[in-house]
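Here is the structure we will look at.
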Amino acid sequence: MITLPDGSKRNFSGPVTGFEIAADIGPGLAKAALAYKIDGSLTDLAAQVIKNASIEIITLKSDDDTVYDLLRHDAAHVMAEAVQELYPDTQITFGPAIENGFYYDFVRDEPFNPDDLKKIEARMKEIVERNETITRDVWERDKAIEFFEKSGEKYKAEHIQTLESNVEISVYRQGNWLDLCTGPHLPSTGKLGTAFKLMKVSGAYWRGDARNQQLQRIYGTAWRNKKELDFYITQLEEAEKRDHRRLGREMGLFHIQEEAVGSVFWHEKGWTLYRVCEEYMRNRLTKAGYFEVKTPQLVDRGLWEKSGHWEKFRENMFTINDDDDRVLAVKPMNCPCHVQIYKQGTTSYRDLPLRMAEFGSCHRYEPSGALHGLMRVRAFTQDDAHIFCTEDQIVTETKAFCDLLSSIYNDFGFKDVKVKFADRPEVRAGDDATWDRAERALIDATDAAGLDYTHNPGEGAFYGPKLEFVLRDTIGRDWQCGTLQVDFVLPERLDASYIGEDGNKHRPVMLHRAILGSFERFLGILIEHYAGRFPMWLAPVQIAIATITNDADLYAEKVANEFTKAGLRIVTDLRNVKINYKVREHSLDHIPVILVVGRRESDENTVALRRLGSKNQEVLALDDALSQLIEEAKRPDNK
RNA sequence: GCCGCCGUAGCUCAGGGGUAGAGCGCACCAUUGGUAAUGGCGAGGUCGGAGGUUCGAUUCCUCCCGGCGGCACCA
13 MITLPDGSKR
23 NFSGPVTGFE
33 IAADIGPGLA
43 KAALAYKIDG
53 SLTDLAAQVI
63 KNASIEIITL
73 KSDDDTVYDL
83 LRHDAAHVMA
93 EAVQELYPDT
103 QITFGPAIEN
113 GFYYDFVRDE
123 PFNPDDLKKI
133 EARMKEIVER
143 NETITRDVWE
153 RDKAIEFFEK
163 SGEKYKAEHI
173 QTLESNVEIS
183 VYRQGNWLDL
193 CTGPHLPSTG
203 KLGTAFKLMK
213 VSGAYWRGDA
223 RNQQLQRIYG
233 TAWRNKKELD
243 FYITQLEEAE
253 KRDHRRLGRE
263 MGLFHIQEEA
273 VGSVFWHEKG
283 WTLYRVCEEY
293 MRNRLTKAGY
303 FEVKTPQLVD
313 RGLWEKSGHW
323 EKFRENMFTI
333 NDDDDRVLAV
343 KPMNCPCHVQ
353 IYKQGTTSYR
363 DLPLRMAEFG
373 SCHRYEPSGA
383 LHGLMRVRAF
393 TQDDAHIFCT
403 EDQIVTETKA
413 FCDLLSSIYN
423 DFGFKDVKVK
433 FADRPEVRAG
443 DDATWDRAER
453 ALIDATDAAG
463 LDYTHNPGEG
473 AFYGPKLEFV
483 LRDTIGRDWQ
493 CGTLQVDFVL
503 PERLDASYIG
513 EDGNKHRPVM
523 LHRAILGSFE
533 RFLGILIEHY
543 AGRFPMWLAP
553 VQIAIATITN
563 DADLYAEKVA
573 NEFTKAGLRI
583 VTDLRNVKIN
593 YKVREHSLDH
603 IPVILVVGRR
613 ESDENTVALR
623 RLGSKNQEVL
633 ALDDALSQLI
643 EEAKRPDNK
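Structure follows, in structure tokens:
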């Protein structure tokens with residue numbers, strides 16, 4: 013007895029395959045069937061159902077994820093078959109479906125180049141054309157190992173050996189090619205269709221470990237039809253247009269050059285954006301009870317040895333040998349310096365919590381391959397702060413921090429924020445009892461703050477567990493920005509204390525926390541989030557005042573003066589070019605508002621207001637435009 | 001750091017063993033115009049750097065630097 017998704021039932025006298033069920037329902041379905049689900053688990057069409065079950069036939073029209081996984085996994089196999097046909101000296105390893113596509117990792121002495129990709133893609137299409145039947149066999153473990161050893165597939169053989177002994181060894185065959193694989197797969201290579209494209213070659217380590225051999229990975233994308241493929245390609249092109257490195261150049265925000273790899277040259281407009289964010293943050297922090305400090309860039313290695321950084325973070329630190337044979341490190345973090353400020357004088361329990369903030373300029377030696385525009389730099393500024401408090405205060409401080417953080421993300425236009433709880437890593441400072449306490453405290457605080465969170469095991473900082481705050485941008489990408497870390501270790505190592513109610517010395521707890529993370533990275537995210545079209549309060553230039561003819565110059569200057577006096581950031585465009593040209597230029601510059609003034613406006617004391625992205629304009633009295641735009645341009649913390 | 005690709009004008013890119021070309025931008029001239037490109041004219045390049053092969057290298061080879069895409073890394 014088989015139950016279909018619509019609730020209807022069909023009887024079969026004995027075991028049947030998915031294909032037979034589909035055929036029983038109708039020839040069209042039999043032709044379209046790709047795989048089927050038995051009681052929800054995806055299976056090859058050729059597999060049999062032997063008991064009563066509810067089943068669902070999967071076709072190209074079924075639920076997206078399942079179909080894509082099938083197509084993409086098959087695409088990986090077809091690609092591997094093509095590669096081994098073209099380059100017989102190649103070994104296969106793994107080739108899964110991934111988001112938007114697939115990849116396969118190969119072992120081959122010669123590198124694959126872009127020309128090879130074209131050839132492979134063409135061969136893949138031939139294999140689809142051949143419509144090879146895909147069949148599944150179950151092999152004995154030893155036989156499988158022997159087979160792969162003999163055919164020179166060392167990695168496959170090695171992989172089987174690492175599998176648990178009770179794991180079924182299944183092999184999928186298509187034409188003359190076969191692969192060790194758990195499946196499921198399409199019934200034949202023809203079902204893959206041709207809506208796929210090979211995208212790029214890269215290196216990848218065997219089992220993801222940099223100590224292992226590096227394999228050659230070929231990435232591809234695969235879709236249900238050409239239309240979807242084209243849409244995806246177009247999307248990639250659109251994403252490229254909002255790339256912050258491109259917008260940074262086009263909008264004159266910043267640049268990076270080879271004499272200062274990993275460091276940013278902020279141009280006037282970019283620096284304006286930066287300052288707006290910094291002033292906004294400073295104001296929010298002050299209102300939230302923080303005070304601001306500034307600590308040295310170069311600090312003797314002795315302090316880093318005490319803090320544990322010299323041991324745990326040495327390879328990421330820039331160091332300098334001064335003339336007196338001292339070794340100084342350019343600070344990669346601000347925490348040890350903050351403890352030094354904390355330790356000046358004596359602290360009473362009455363002083364706690366102390367919320368010490370710094371827009372701390374840090375340098376870290378990041379691996380060259382990791383550098384990426386503003387997103388990953390070697391010189392950056394954190395919106396860093398350390399809250400020195402008692403253990404009892406962790407909960408309220410955490411809650412207050414979470415509230416502050418969501419309010420700030422909201423102001424920047426990020427509504428979707430997720431929280432991850434990261435607990436003790438393998439390499440850590442402090443004993444297990446301390447970690448138990450720290451993790452307990454942070455979980456309690458998180459619960460008290462009413463946050464939903466997911467677990468991120470083993471990803472805590474070396475000195476304590478942390479909350480990671482992940483925001484999602486307009487095009488659905490996730491960015492980890494904020495963090496809150498509970499630290500019982502550093503106060504101990506650097507001997508920070510306070511005098512308690514009982515008159516004795518106690519250790520404070522340190523909460524390390526950041527909201528934006530680094531200004532550089534956060535601005536990169538903002539640029540891409542808004543695709544350069546910033547809301548008024550962030551826009552480096554808020555208003556362009558453009559004249560129609562020189563008759564309006566005097567009036568335009570008067571308008572400009574009014575807006576400048578009101579603190580708005582404007583440009584005045586009196587050039588002798590057509591208004592169309594001016595509108596185009598300022599629109600391409602992503603200036604949110606263009607005020608056009610001509611003879612008419614000059615006579616009537618008005619402005620013609622046009623917003624970025626709109627073709628309409630609105631004529632307003634100058635005073636009205638002024639008060640309206642002043643209101644719109646207010647920083648959210650001043651509203 | 002590793003693998004692959006790339007480096008030609010400010011930007012985007014073409015070219016290719018005989019010292020370079022387009023579009024946009026920029027400068028200048030004309031044009032004073034009503035909401036996303038007015039027309040003309042001109043300047044601008046040690047072809048990433050250093051070696052090598054060659055009569056001759058921007059072009060071919062080697063090394064270095066940097067960029068891009070992945071991988072690894074990301075307190």
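Residue numbers (our numbering): 13 to 651. C-beta atoms are modelled at their ideal positions from N, C-alpha and C, and glycine is treated no differently. From a predicted model like this one, the values you see are computed outputs, not experimental measurements.
Buried/exposed call for residue i, threshold 16 Cβ in 10 Å
i: Asn650; result: exposed
i: Arg296; result: buried
i: Met13; result: exposed
i: Lys594; result: buried
i: Asp467; result: The sequence as given places His at residue 467; Asp does not occur at that position. His467 should be labelled exposed.
i: Asn346; result: buried
i: Pro108; result: exposed
i: Thr358; result: exposed
i: Thr584; result: buried
i: Lys478; result: buried
i: Val339; result: exposed
i: Pro100; result: exposed
Coarse secondary structure for residue i, derived from DSSP in three states
i: Arg376; result: coil
i: Tyr414; result: Reading the sequence as shown, one finds Cys at residue 414 and not Tyr. Of the three classes helix, strand and coil, the one that applies to Cys414 here is helix, per DSSP.
i: Phe118; result: strand
i: Arg148; result: strand
i: Leu364; result: coil
i: Ala434; result: strand
i: Trp235; result: coil
i: Arg135; result: helix
i: Pro439; result: This sequence places Val at residue 439; Pro is not what is there. Three-state result, Val439: coil.
i: Trp549; result: coil
i: Lys212; result: strand
i: Cys349; result: helix
Span separating the alpha-carbon of residue i from that of residue j
i: Lys617; j: Ser275; result: Note on residue identity: the sequence assigns Asn, not Lys, to residue 617. Rounded to the nearest angstrom, the two C-alpha atoms are 47 angstroms apart.
i: Glu141; j: Asp77; result: 25 angstroms
i: Leu506; j: Trp322; result: 14 angstroms
i: Leu259; j: Asn112; result: 25 angstroms
i: Glu569; j: Glu630; result: 20 angstroms
i: Tyr48; j: Ile104; result: 28 angstroms
i: Lys43; j: Leu54; result: 18 angstroms
i: Leu285; j: Arg440; result: 38 angstroms
i: Pro604; j: Ala251; result: 21 angstroms
i: Gly282; j: Gly264; result: 7 angstroms
i: Pro552; j: Asn237; result: 43 angstroms
i: Asn328; j: Ser380; result: 12 angstroms
i: Arg261; j: His598; result: 15 angstroms
i: Thr206; j: Leu241; result: 10 angstroms
i: Ser360; j: Ala300; result: 21 angstroms
i: Arg367; j: Ala397; result: 7 angstroms
i: His279; j: Glu370; result: 23 angstroms
i: Tyr116; j: Ile146; result: 18 angstroms
i: Leu83; j: Thr71; result: 11 angstroms
N- and C-terminal bounds of the beta strand (DSSP E) containing residue i
i: Asn23; result: Asn23 -> no beta strand (DSSP E), and no H or E assigned at all.
i: Ile606; result: 605–609
i: Ala272; result: No beta strand (DSSP E) holds Ala272; DSSP gives it neither H nor E.
i: Ala341; result: 339–342
i: Asn333; result: 331–333
i: Lys324; result: Lys324 -> not in any beta strand (DSSP E); alpha helix (DSSP H) instead, spanning 321–324.
i: Asp76; result: It is not in any beta strand (DSSP E) - Asp76 instead sits in the alpha helix (DSSP H) that spans 76–98.
Extent of the continuous alpha helix (DSSP H) to which residue i belongs
i: Trp491; result: Unbroken run through Trp491 is the beta strand (DSSP E), 490–499; no alpha helix (DSSP H).
i: Gly592; result: Contrary to the premise, residue 592 reads as Asn rather than Gly in this sequence. Segment 591–600, the alpha helix (DSSP H) holding Asn592.
i: Met293; result: 280–299
i: Ala572; result: 565–577
i: Tyr167; result: 166–174
Any non-hydrogen atom of the ligand SAH closer than 8 angstroms to residue i Cβ
i: His375; result: Ligands are entirely absent from the displayed structure, and the ligand SAH is therefore not among its contents.
Should the stretch 187–207 be regarded as contacting the stretch 84–92, the criterion being three or more beta carbon pairs within less than 8 angstroms?
Yes, since at least three Cβ pairs between the stretch 187–207 and the stretch 84–92 fall closer than 8 angstroms, the two stretches touch.
Below 8 angstroms, how does it come out for the stretch 195–204 and the stretch 133–140: are there three or more Cβ pairs, yes or no?
yes
Okay, do the stretch 442–451 and the stretch 561–581 touch, 3+ Cβ pairs below 8 angstroms being the bar?
no
Would you call the stretch 409–427 in contact with the stretch 380–394, where contact means no fewer than 3 C-beta pairs closer than 8 angstroms?
no
Any contact between the stretch 143–161 and the stretch 173–183? By contact I mean 3 or more CB pairs, one from each, below 8 angstroms.
yes
State whether the stretch 428–435 contacts the stretch 532–546, with contact taken as three or more CB pairs (one from each stretch) at a distance under 8 angstroms.
no
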